[in-house]
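Data block below; observations after.
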Amino acid sequence: MSNEPRLLVVDDDALIREELEGLFASQPYEVESAESVSEALEHLNGNEFSLALVDVRIGGKNGIELTKRIRDRWPEVDVIMITGHGSIENAVDAMKQGAVDYITKPFQAEEILMATQKALERRQMREEIEYLREQLRERYSFANMVSRNEDMLEVFSTLEMLARNDVTVLITGESGTGKELASRAIHFQGKRKVGRFVAINCAALPENLLESELFGYERGAFTGAVSDRVGKIEHADGGTLFLDEVETISAPMQAKLLRVLEERAIERLGGNQKIDVDMRVVAATNENLEELVKDGRMREDFYYRINVVPVHLPPLRERVEDIPLLVSEFLRGNPLAREKGLNRLSDKALNQLSTYEWPGNIRELSNVMERAILRARGDTIREVDVPTGKMGERNAGPKLNFELPLREYLKGAERDYLSRLLTKHQGGITPCAKQAAVDQATLHRKIKAHGLRANDFRQNGRGGGS
Ligand SMILES: Nc1ncnc2c1ncn2[C@@H]1O[C@H](COP(=O)(O)OP(=O)(O)OP(=O)(O)O)[C@@H](O)[C@H]1O
Ligand SMILES: [Mg+2]
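Written as structure tokens, this is what we have:
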């Protein structure tokens, strides 16, 4: 913190205000003072304070009330209460309402300075811890994606590697698993970020429009082409062309795109001149393209051109350990949740979230959380609204790959079991061991063997610590 801490003195007694202002003026602090509750609120609205010194009685108003309000509304502002004449009740009340300290009147200058310094030091320590926690959390994120699932961490490093070259990428994954986010990461983390990221949803346009969107046209190419138009492919020159829902492209269009991919040049509709384009291509699909090729619905040569490096995003139900992490991301990133001070999930809500199938994956989770945030009162989300019909299927177990050798299949099932167990009990070893009916040492060993960490499942304890 390079800025000087800003303090707010709230007292209706002008003498005390002056005394404190004078005292703090000799310190590396900035001071403002208010003589009433309303004036104090005005100051707090206008500026960021580190600490407020609040008198118990402010012109007939209750200073403890103000303290409570400050702690609710501006939790980042610490409060020291100045209590009257050694009143223990007041002091206890003040601490209950979230004051970090209290000083009794009449006070010595030394006392005030010490208490202030102590509060600011503690505050700085808190900030440092917060910072370290942030850094730890960084390990679970890439660009705007977060995950602690091992397959996803592998995906992150693949994306990081892909950002450094120009190879064509095919991103697969169910709806809402983050395909677009991943393709943006490739673009924006790499040297092509100076160029454009041009996304085209191949399913959204009918054949003829898609062609003119992609290739552009010259004036007079068709009725209505009254002027030249640069196509999306040309726009992507120097950048990235993102072909979303690539499975919907018709066979004739696939043939045209195939030529572009091979020649790295296009001709506008109605034009007769080749225009070079230097672009990276990322395609995405939630279909199994191999099947489409087998069924004759996708050209094999086109498939091989786009499937140079495949990146698969696993569905959310195969990475339930990400649910708490994603939830805290959503809470942090949601202005209403921040305003409401929402920062917890009840056991019930967590259980609902971690047993649901999530056919719509992360997008669906995000929508469910948004609705829950709207409805929630207090600092806890008690309940979420997810369809319950799928629970039965869910209990049938995860969709593990049946083609695997037995040993690998069982290993996958065990890992899935452990992460769901840890999610359910928020990383508590004792309840986990109890439910799993194994001793704690065995549980510890298994958790470790699967590369999991109980700490990661504790709320607000991401990446260790608390
Ligand atoms: N790992 C992640 N961390 C945080 N947010 C994520 C992550 N993955 C996806 N999201 C969020 O989930 C939503 C869906 O992601 P995205 O649009 O990239 O999915 P998609 O696979 O392209 O879906 P669709 O197939 O429906 O087009 C977005 O709001 C995105 O920000
Ligand atoms: Mg998408």
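Note that our numbering gives residue 1171 to position 390 of the sequence shown, counting from 1, and the numbers run on in steps of one. In this text, a Cβ means the ideal position worked out from N, Cα and C, and glycines have one as well. Just so we're clear, the structure is a prediction, and the values are computed from it rather than from any experiment.
(Q) Classify N778: buried if its beta carbon has 16 or more other beta carbons within 10 angstroms, exposed otherwise. (A) The requested residue 778 is not part of the displayed model; the chain covers only 782 to 1247.
*Other residues of its chain near V1167: CB distance less than 8 angstroms, five sequence neighbours each side excluded*: Mapped onto the sequence shown, residue 1167 falls at position 386. Closer than 8 angstroms at Cβ, skipping near neighbours: Q1133, L1134, Y1137 and V1149.
message: Could you tell me the alpha carbon to alpha carbon distance between E902 and S831, rounded to whole angstroms?
response: Residue numbering aside, residue 902 sits at position 121 when the sequence shown is read from its first letter. Residue numbering aside, residue 831 sits at position 50 when the sequence shown is read from its first letter. So the alpha carbons of these two residues sit roughly 11 angstroms apart.
**OP:** Spatial neighbours of Y810 within its chain, please: CB distance less than 8 angstroms, with the 5 preceding and 5 following residues excluded, ordered by chain position.
**Re:** Residue mapping note: residue 810 aligns to position 29 of the sequence shown, counting from 1. Contacts found: E785, P786, R787, L788 and T897.
- Message: Here's the rule I'm using: 16 or more other beta-carbon atoms within 10 Å means buried, otherwise exposed. How should N1142 be labelled?
- Response: Indexing the sequence shown from 1 puts residue 1142 at position 361. Label assigned to N1142: buried.
Any contact between the region 1196-1215 and the region 1094-1108? By contact I mean 3 or more CB pairs, one from each, below 8 angstroms.
yes
Check your understanding: So R1061 is in the beta strand (DSSP E); what residue range does that whole segment cover?
Key -> Position 280 of the sequence shown holds residue 1061. Note, R1061: beta strand (DSSP E), R1061 to T1066.
Next item on the list: Could you tell me if the beta carbon of S938 falls within a distance shorter than 7 angstroms of some heavy atom in ligand 1?
Entry: Against the sequence shown, residue 938 aligns to sequence position 157. No - ligand 1 has no heavy atom lying nearer than 7 angstroms to the Cβ of S938.
Check your reading: residues with Cβ closer than 7 angstroms to ligand 2 heavy atoms: K960, E961, D1025 and A1065
Review point. Would the C-beta of L1107 count as close to ligand 1, meaning under 7 angstroms from any of its heavy atoms?
Key: As a first step, residue 1107 must be located in the sequence shown, where it is residue number 326. Flag set: Cβ of L1107 near ligand 1.
Is the separation between the beta-carbon of F1111 and that of S1147 shorter than 8 angstroms? Walking along the sequence shown from the start, residue 1111 turns up at place 330. Walking along the sequence shown from the start, residue 1147 turns up at place 366. A contact, by the Cβ cut-off of 8 angstroms.
Around the C-beta of N774, are 16 or more other C-beta atoms found within 10 angstroms, so that it is buried, or is it exposed?
In the structure as shown, the chain starts at 782 and stops at 1247, and residue 774 therefore has no counterpart that could be examined.
Three-state class that DSSP yields for I1104 in the structure shown
Looking up residue 1104 in the sequence shown gives position 323. The answer is helix: DSSP assigns I1104 an H, G or I state.
- Taking 7 angstroms as the line, does the beta carbon of T958 fall inside it for any heavy atom of ligand 1? To locate residue 958, count along the sequence shown from 1; it is residue 177. The answer is yes for T958.
Under 8 angstroms, do G1012 and G997 count as touching if we go by C-beta distance? Here residue 1012 refers to the residue found at position 231 when the sequence shown is read from its first residue. Here residue 997 refers to the residue found at position 216 when the sequence shown is read from its first residue. Contact: yes.
Report task. Give me the Cα-Cα distance between L962 and N1067, rounded to the nearest whole angstrom. Result -> Here residue 962 refers to the residue found at position 181 when the sequence shown is read from its first residue. Here residue 1067 refers to the residue found at position 286 when the sequence shown is read from its first residue. One C-alpha to the other measures close to 14 angstroms.
- Give the C-beta separation of V837 and M862 to the nearest angstrom, bearing in mind that I take them to be a contact with Cβ-Cβ under 8 angstroms. By 1-based counting over the sequence shown, the position of residue 837 is 56. By 1-based counting over the sequence shown, the position of residue 862 is 81. With a Cβ gap of about 6 angstroms, V837 and M862 count as contacting.
**Item:** Beta-carbon spacing of R798, S819 below 8 angstroms
**Value:** Within the sequence shown, numbered from 1, the residue matching residue 798 stands at position 17. Within the sequence shown, numbered from 1, the residue matching residue 819 stands at position 38. No, Cβ-Cβ distance for R798 and S819 is not below 8 angstroms.
State the Cα-Cα distance for the pair E1043 and E999, rounded to the nearest angstrom. By one-based count along the sequence shown, residue 1043 stands at place 262. By one-based count along the sequence shown, residue 999 stands at place 218. One C-alpha to the other measures close to 23 angstroms.
>> What I want to know is whether the C-beta of E1110 ends up closer than 7 angstroms to one or more non-hydrogen atoms of ligand 1.
In response: For the purposes of this step, residue 1110 is identified with residue 329 of the sequence shown, where counting begins at 1. Yes, ligand 1 has a heavy atom inside 7 angstroms of this Cβ.
ask   = Which value, in whole angstroms, describes the spacing of the CA atoms of T1029 and N1236?
value = Along the sequence shown, one-based indexing puts residue 1029 at 248. Along the sequence shown, one-based indexing puts residue 1236 at 455. Roughly 44 angstroms between the two C-alpha positions.
Open item on the list: For the structure I just gave you, are there three or more beta carbon pairs, one from the region 1050-1068 and one from the region 942-958, closer than 8 angstroms?
Closed with: yes
Can you list, in chain order, the residues of its chain whose CB lies under 7 angstroms from that of C983, leaving out five sequence neighbours each side? Indexing the sequence shown from 1 puts residue 983 at position 202. Excluding residues within five positions, the ones whose Cβ falls inside 7 angstroms are L991, L1024, D1025, E1026, V1027, T1029 and I1030.
Entirely within the region 1179-1212 and at least 3 residues each: give me those beta strand (DSSP E) ranges in chain order.
none
- Does the region 1215-1234 come close enough to the region 1119-1133 to have 3 or more Cβ pairs within less than 8 angstroms? no
Next on the checklist: So, for F923: in the same chain, excluding its five sequence neighbours on each side, which residues have a beta-carbon less than 7 angstroms away from its beta-carbon?
Outcome noted: Locating residue 923 in the sequence shown gives position 142, where the first residue counts as 1. Hits under 7 angstroms: F937, L940, E941 and A966.
_Quick check: the Cα distance between L796 and E909, rounded to an integer number of angstroms?_
For this step, residue 796 is matched to residue 15 along the sequence shown. For this step, residue 909 is matched to residue 128 along the sequence shown. If I take the Cα positions, the gap works out to 36 angstroms.
Original post:
Cβ of R1226 within 7 angstroms of any heavy atom in ligand 1?
Top reply: Translated into the one-based positions of the sequence shown, residue 1226 becomes position 445. No - ligand 1 has no heavy atom lying nearer than 7 angstroms to the Cβ of R1226.
Does DSSP put H1231 in a helix, in a strand, or in coil?
Residue 1231 sits at position 450 when you count from the first residue of the sequence shown. DSSP places H1231 in coil when its eight states are reduced to three.
- Item | Near ligand 1: N1067 beta-carbon under 7 angstroms from a heavy atom | One-based indexing of the sequence shown puts residue 1067 at position 286. N1067 Cβ: within cutoff of ligand 1.
Since S1127 and T1161 should fall inside the 8 angstroms C-beta cutoff, what is the C-beta to C-beta distance between them, to a whole number of angstroms? If you number the sequence shown from 1, residue 1127 lands on position 346. If you number the sequence shown from 1, residue 1161 lands on position 380. With 8 angstroms as the limit, S1127 and T1161 qualify as a contact, their Cβ atoms being about 6 angstroms apart.
Notebook entry, point to check: If you draw a straight line from the alpha carbon of I1047 to that of V975, how long is it in whole angstroms?
Noted result: Taking the sequence shown and counting its residues from 1, the one referred to as residue 1047 is at position 266. Taking the sequence shown and counting its residues from 1, the one referred to as residue 975 is at position 194. Between I1047 and V975, the C-alpha separation is close to 22 angstroms.
TODO: Give me the Cα-Cα distance between D1082 and F1003, rounded to the nearest whole angstrom.
DONE: The count along the sequence shown starts at 1 and reaches residue 1082 at position 301. The count along the sequence shown starts at 1 and reaches residue 1003 at position 222. The straight-line gap from Cα to Cα measures roughly 30 angstroms.
task = Output the distance between the C-alpha atoms of R1045 and M1060, rounded to the nearest integer angstrom.
result = Position 264 of the sequence shown, counted from the first residue, corresponds to residue 1045. Position 279 of the sequence shown, counted from the first residue, corresponds to residue 1060. Those two C-alpha atoms are separated by around 8 angstroms.
Worksheet item: How many whole angstroms separate the CB atoms of L951 and I1087, which I take to be in contact at a CB cut-off of 8 angstroms?
Response: Within the sequence shown, residue 951 is the residue found at index 170, counting from 1. Within the sequence shown, residue 1087 is the residue found at index 306, counting from 1. Confirmed, Cβ separation roughly 5 angstroms.
Q.
For D859 and L1106, what's the separation of their Cα atoms in angstroms?
A. Along the sequence shown, read from residue 1 onward, the residue named residue 859 stands at position 78. Along the sequence shown, read from residue 1 onward, the residue named residue 1106 stands at position 325. Roughly 28 angstroms between the two C-alpha positions.
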